[in-house]
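J.:
Residue numbers (my numbering): 168 to 447.
(1) The alpha helix (DSSP H) spanning residue 434 covers which residue range?
(2) Let me make sure I understand the geometry here. Which of 422, 329, 249 and 216 has the alpha-carbon closest to that of residue 286?
(3) Ends of the beta strand (DSSP E) at residue 362?
(4) Below 8 angstroms, can you find three or more Cβ-Cβ pairs linking the stretch 394-402 to the stretch 357-364?
(5) May I have the straight-line CA-CA distance separating residue 253 from residue 293, to the nearest angstrom?
(6) Taking three-plus beta-carbon pairs below 8 angstroms as touching, is the stretch 304-323 in contact with the stretch 202-216?
(7) Do you know how far the Cα of residue 408 is from the Cα of residue 419?
(8) Between the Cα of residue 369 and the Cα atoms of 354, 357, 352 and 347, which residue gives the shortest distance?
(9) With a cut-off of 8 angstroms on the beta carbons, I'd call residue 345 and residue 326 a contact; round off their distance for me.
(10) Determine, using beta-carbon pairs with one atom in the stretch 275-285 and one in the stretch 180-188, whether at least three such pairs fall under 8 angstroms.
(11) Less than 8 angstroms between C-beta atoms, sequence neighbours within five positions excluded: which residues of the same chain meet that for residue 242?
(12) Look up residue 317 in the DSSP assignment and give the residues it is bridged to.
(13) Check the DSSP bridge columns for residue 455 and list the partner residues they point to.
(14) Between which two residues does the beta strand (DSSP E) carrying residue 257 extend?
(15) Any idea which residues DSSP pairs residue 301 with across the strands?
(16) So is the beta-carbon of residue 175 under 6 angstroms away from any non-hydrogen atom of the ligand MN?
(17) Consult DSSP for residue 171 and reduce its assignment to one of helix, strand or coil.
(18) Over the uninterrupted beta strand (DSSP E) stretch that includes residue 382, give me the two end residues.
(19) Measure from the C-beta of residue 304 to each C-beta in chain D and report whether the shortest distance is under 7 angstroms.
(20) Mind checking who residue 234 pairs with in its DSSP beta bridge?
(21) Go ahead and label residue 387 buried or exposed: buried means 16 or more other beta carbons lie within 10 angstroms of its beta carbon, across all protein chains shown.
(22) For residue 390, I'd like the list of residues in its chain whose CB is within less than 6 angstroms of its CB, leaving aside the five on either flank, ordered along the chain.
Okay, here's the thing in structure tokens:
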């Protein structure tokens, strides 16, 4: 069964639920977060399955109002929505995230269920729930006295075209979603690396003390800068490697920064680069 995340308090009103592992059974190590005020609780991402979302629900308790923010449409971040909506929660996301979920999520769920009996069992009871409220640039959410959070669409396309970042301004906490990966190679299937770099720079401008990445441990601005370095180097190496017309395996070795050799989910980056090489 899926391993539950570890809850870590990162502010007076904020907690990170930190995942681990790097495969579907372990939700690809995806993170979630909770921000709890005296009027409402916000859940940032709901996980890959109902076990993860039920764990989060248990930790929240019984707030007057629950609000879910989906950072983007990918399954490991949004398949747990129904556990909260069945209890009256509203789901907020960028309008393009909503569109992607409407077009893709049911098909992705069925594909995961067919892939492996163990994954199918883990996803039993999962229902796709698309956002009820959408926004274009920014939406402010009031969770209680003195606790307002800003949900921001950082770029037209960063990790996806429908990313959301939550800035808990009073606590200097940012919930970054998959715009930021720490100790993991990022999933770039829907990404624009230059847009993702700009989105990471926008996080630095928020001047947070603590950041919850989409995958990896709670971190600081220095880890955001390292992610920028990785993406810039990766993008430069891709362009150079394609010009050199390297063979597939040589291309992969050439492109991935050598100093990231110990990061998790290298298999995902290798698969992405192999496909990129074959297209050219």
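We treat Cβ as the ideally placed atom computed from N, Cα and C, and that holds for glycine.
T.: Quick look at the numbers:
(1) As a working mapping, residue 434 is identified with position 267 in the chain shown. Run containing residue 434: 433-446, per the alpha helix (DSSP H) assignment.
(2) Taking the chain shown and counting its residues from 1, one reaches residue 286 at position 119. The shortest CA-to-CA distance from residue 286 to any of 422, 329, 249 and 216 is the one to 216.
(3) Here the question's residue 362 lines up with position 195 in the chain shown. Not the beta strand (DSSP E): residue 362 falls in the alpha helix (DSSP H), residues 360-372.
(4) By the Cβ rule, the stretch 394-402 counts as touching the stretch 357-364, because three or more pairs are nearer than 8 angstroms.
(5) On the chain shown, position 86 is the one that residue 253 refers to. On the chain shown, position 126 is the one that residue 293 refers to. Residue 253 and residue 293: Cα-Cα distance of roughly 12 angstroms.
(6) Judged by Cβ distances under 8 angstroms, the stretch 304-323 makes contact with the stretch 202-216, as three or more pairs qualify.
(7) For the purposes of this step, residue 419 is taken as the residue at position 252 of the chain shown. For the purposes of this step, residue 408 is taken as the residue at position 241 of the chain shown. Rounded to whole angstroms, residue 419 to residue 408 spans 9 angstroms at the Cα level.
(8) Residue 369 sits at position 202 when you count from the first residue of the chain shown. Closest in C-alpha terms to residue 369, from the list 354, 357, 352 and 347, comes 347.
(9) In the chain shown, residue 345 corresponds to position 178, counting from 1. In the chain shown, residue 326 corresponds to position 159, counting from 1. Right, their Cβ atoms sit about 4 angstroms apart.
(10) Too few Cβ pairs lie closer than 8 angstroms, so no.
(11) Your numbering for residue 242 matches position 75 in the chain shown. Closer than 8 angstroms at the Cβ level, and outside the excluded window around residue 242, lie 215, 272, 275, 276 and 279.
(12) One-based indexing of the chain shown puts residue 317 at position 150. Within the DSSP secondary-structure output, residue 317 pairs in a beta bridge with 307 and 334.
(13) Coverage of the chain is limited to positions 168 through 447, which leaves residue 455 absent and any answer about it impossible.
(14) For the purposes of this step, residue 257 is identified with residue 90 of the chain shown, where counting begins at 1. 257-261 is the span of the beta strand (DSSP E), which, as asked, contains residue 257.
(15) Taking the chain shown and counting its residues from 1, one reaches residue 301 at position 134. DSSP lists 260 as partners of residue 301.
(16) No copy of the ligand MN occurs in the structure displayed, which carries no ligand at all.
(17) Position 4 of the chain shown, counted from the start, is the residue given in the question as residue 171. The answer is coil: DSSP assigns residue 171 none of H, G, I, E or B.
(18) For the purposes of this step, residue 382 is taken as the residue at position 215 of the chain shown. First-last of the beta strand (DSSP E) with residue 382: 377-382.
(19) Within the model displayed, chain D is absent; a lone protein chain is all it includes.
(20) Indexing the chain shown from 1 puts residue 234 at position 67. Residue pairing by DSSP puts residue 234 in a beta bridge opposite 209 and 257.
(21) As a position in the chain shown, residue 387 is number 220, starting the count at 1. Exposed.
(22) By one-based count along the chain shown, residue 390 stands at place 223. Once the five neighbours on either side are set aside, the close Cβ partners of residue 390 are 349.
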